[in-house]
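A.B. asks: Have a look at this one before I ask anything.
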Amino acid sequence: MSNSKLYNREFLDFSYRLGNDPLQVQGAGGNTSIKNENSMWVKASGKELSNSLSENIFVPVNINLIRNNVSSDNDQDIMKAVMDKNIKLRPSIETTFHACLNWSVVAHTHSVSTLVHAISEKGIKIAKKKLNDIPFSVIKYIKPGIDLTKEIMGNLNPKTQVLILKNHGLICCGNSVKEVSYLIRTVEHRLKMPIIRKIDQLFKSENIPNYKLSPESWIAYDDHTIDIVSSGSYYPDHVVFLGPKISFEPTKTSPIFLKKRIGIFIKSKASRTQKSMLQCLSNILLRLPLDWLPEPIGEKAEAELLDWDAEKYRKALSTD
Ligand SMILES: [Zn+2]
Numbered sequence: 258m259s260n261s262k263l264y265n266r267e268f269l270d271f272s273y274r275l276g277n278d279p280l281q282v283q284g285a286g287g288n289t290s291i292k293n294e295n296s297m298w299v300k301a302s303g304k305e306l307s308n309s310l311s312e313n314i315f316v317p318v319n320i321n322l323i324r325n326n327v328s329s330d331n332d333q334d335i336m337k338a339v340m341d342k343n344i345k346l347r348p349s350i351e352t353t354f355h356a357c358l359n360w361s362v363v364a365h366t367h368s369v370s371t372l373v374h375a376i377s378e379k380g381i382k383i384a385k386k387k388l389n390d391i392p393f394s395v396i397k398y399i400k401p402g403i404d405l406t407k408e409i410m411g412n413l414n415p416k417t418q419v420l421i422l423k424n425h426g427l428i429c430c431g432n433s434v435k436e437v438s439y440l441i442r443t444v445e446h447r448l449k450m451p452i453i454r455k456i457d458q459l460f461k462s463e464n465i466p467n468y469k470l471s472p473e474s475w476i477a478y479d480d481h482t483i484d485i486v487s488s489g490s491y492y493p494d495h496v497v498f499l500g501p502k503i504s505f506e507p508t509k510t511s512p513i514f515l516k517k518r519i520g521i522f523i524k525s526k527a528s529r530t531q532k533s534m535l536q537c538l539s540n541i542l543l544r545l546p547l548d549w550l551p552e553p554i555g556e557k558a559e560a561e562l563l564d565w566d567a568e569k570y571r572k573a574l575s576t577d
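Numbering-wise (this note's numbering), the sequence shown opens with residue 258 and increments by one.
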């Protein structure tokens, strides 16, 4: 295939590195792409960037077809854009913004340091100061998919290379893998936050059939943090993999629940992605300053995420 040169070792190594850093990508979240004028290789839905070197996780798609769908508001089945009909993988639900961003390489992560800033107004204000010499934009929360892509395209100028997605994550774009890799390192460095919570309690144990005490159980010992996690959810992948806000008893909508002063229980059969999503939440909360008040995405946004067929597909694929 003429575009196979695009899909090179440097790009795969870069994707692999991102996928293996839990502070940037968790489980099947996050995606990378590389393109020329007509075609683009993008991560497949439900696949993990951490497997970039051991598995075919990328799909070649027709960029113009996707761009036309976005500009004509025609949300056609994304499988129509797949250029190699032997490939049965579904392109990521975030493929549309990869296609529309006019840069050769685009990387999207659910970076913990970005999320610490991107879930509160105060954090966003501070991120703007920390990134003031980088061409960046802040994008309001919208459900991932064609609507988010339109919001992104309406809030860019041709120089924008960094996008902070409120209550979602980070996008970095550039002309080469090297450039994007450098940009991500710079943003990560600028937004890095120290751990400010103590996690050295001795956890009491309690046997609950079909559940295990999670390594993130410190959350159940900190009243401020309990308030945060039981008041709502703060970014899409949490909702997709762990359900809405954390409940104080087992529910059908979530594999986790919290018992005050004991811990967070997670289903013994929880998938790897579900476990890494709980780790992600803990990594954010360990760094969240007391006076940055996080804003939940809200129940309407949660319902939108959970009813979505493409997300259900992704969830099903990542269950292992
Ligand atoms: Zn995302």
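Ideal placement from N, C-alpha and C gives every residue a C-beta, glycine not left out.
According to DSSP, is A558 part of a helix, a strand, or is it coil?
C.D. replies: Along the sequence shown, read from residue 1 onward, the residue named residue 558 stands at position 301. Three-state DSSP puts A558 in a helix.
A.B. asks: Could you spell out the range, first to last residue, of the beta strand (DSSP E) harbouring N288?
C.D. replies: Position 31 of the sequence shown, counted from the first residue, corresponds to residue 288. N288 to K292 is the span of the beta strand (DSSP E), which, as asked, contains N288.
A.B. asks: Look up Y248 in the DSSP assignment and give the residues it is bridged to.
C.D. replies: Not covered by the structure: residue 248. The range shown for the chain is 258 to 577.
A.B. asks: Are the Cβ atoms of W549 and S433 separated by less than 8 Å?
C.D. replies: Taking the sequence shown and counting its residues from 1, one reaches residue 549 at position 292. Taking the sequence shown and counting its residues from 1, one reaches residue 433 at position 176. It is not a contact, given that the beta carbons lie outside the stated cut-off.
A.B. asks: May I ask you to report which of helix, strand or coil DSSP gives H446?
C.D. replies: One-based indexing of the sequence shown puts residue 446 at position 189. Helix at H446.
A.B. asks: At what residues does the beta strand (DSSP E) containing P317 begin and finish?
C.D. replies: The residue given as residue 317 occupies position 60 in the sequence shown. From DSSP, the beta strand (DSSP E) with P317 extends over F315 to N319.
A.B. asks: In chain order, what are the residue ranges of uninterrupted alpha helix (DSSP H) at least 4 long that sit wholly in the region 492–537?
C.D. replies: DSSP runs (the alpha helix (DSSP H)) wholly in the region 492–537: 493–499.
A.B. asks: Just the Cα atoms here: how many angstroms apart are G411 and S328?
C.D. replies: Here residue 411 is taken as the residue at index 154 of the sequence shown, counted from 1. Here residue 328 is taken as the residue at index 71 of the sequence shown, counted from 1. Cα to Cα, G411 sits roughly 12 Å from S328.
A.B. asks: On the three-pair Cβ rule with 8 Å, is the region 475–488 touching the region 391–401?
C.D. replies: No, the region 475–488 is not in contact with the region 391–401.
A.B. asks: Whose C-alpha, out of S471, I519, V444 and K469, is nearest the C-alpha of D480?
C.D. replies: Here residue 480 is taken as the residue at index 223 of the sequence shown, counted from 1. Selected option, being the one with the closest Cα: I519.
A.B. asks: Any C-beta of chain D sitting closer than 8 Å to the C-beta of H374?
C.D. replies: Among the chains in the structure shown there is no chain D, since it carries only a single protein chain.
A.B. asks: Can you tell me the Cα-Cα spacing of V419 and C430, whole angstroms?
C.D. replies: If you number the sequence shown from 1, residue 419 lands on position 162. If you number the sequence shown from 1, residue 430 lands on position 173. Distance between the alpha carbons of V419 and C430: 6 Å.
A.B. asks: Just verifying my parser: in three-state terms, what is the DSSP assignment at H580?
C.D. replies: Nothing can be reported for residue 580, as the shown portion of the chain is limited to 258 through 577.
A.B. asks: Along the chain, where does the alpha helix (DSSP H) containing H365 start, and where does it finish?
C.D. replies: In the sequence shown, the residue the question calls residue 365 occupies position 108. That residue, H365, is in no alpha helix (DSSP H); its beta strand (DSSP E) goes V362 to T366.
A.B. asks: Would you check if the distance between the CB atom of V362 and the CB atom of I314 is smaller than 8 Å?
C.D. replies: Sequence index remark: in the sequence shown, residue 362 carries index 105 (1-based). Sequence index remark: in the sequence shown, residue 314 carries index 57 (1-based). No, Cβ-Cβ distance for V362 and I314 is not below 8 Å.
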